[in-house]
Amino acid sequence: MNRQGCSADERQNLIQYLKQTPVAWVADKIVRGALLSKGEIQSRAVLGSLTTIFSNLGGVLATQRHGKEKFLVREVLPVLRDPRCNDKDALRKVECYMELDAANRLEIKITICEVGDNCMIVDGNIRASAIYERRSSSSFIPVMVYLVSC
């Protein structure tokens, strides 16, 4: 992944945005000096292989379904469409984001925490899933993400 530094404005805007989310702790890490950069995910396969923050989607557990603690981006929509999943709001949100992406109106904000060699999307999981599902491999447009060393 190509990486570059973030401007002071980008840093401040991300901090302010993250403070309003369930992962406000990531904003606190950035304020306390965690390394922040941005990069581009260059392929659908790489996006699909990223770990999400989700361990339970509407009663469907990642440990039971796939034998691991968290779902991958490529697993989110199939789980949300599973009749055993009761998180219909998340399903509607993915489908709405897919429509917005198709119209080039989806605001792409994805934040990834890195701990050593491990990466997990902490904000923008639904957006990442929508982008993965809507964009084919041949028409994939690189996706800008923020990377925070956690």
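In my numbering, the protein residues as written are 10 to 159.
Ideal Cβ positions, reconstructed from N, Cα and C, are used throughout, including at glycine.
Just so it is clear, the structure is predicted and the values come from calculations on it, not from any experiment.
(Q) Are the CB atoms of Ile119 and Ala137 within a distance shorter than 8 Å? (A) yes
Q: Following the continuous beta strand (DSSP E) through Asp132, name the residue where it begins and the one where it ends.
A: 127 to 132
Q: Spell out whether any CB of chain B is found under 8 Å from the CB atom of Lys38.
A: The displayed structure is made up of one protein chain only, and chain B is not part of it.
(Q) Using C-beta distances below 7 Å, list every residue in its chain close to Ile150, excluding the 5 sequence neighbours before and after it, in chain order. (A) Arg144
Q) Does the distance from the C-beta atom of Ile130 to that of Thr72 stay below 8 Å? A) no
Q: Can you tell me which of the three DSSP states Ser147 falls into?
A: coil
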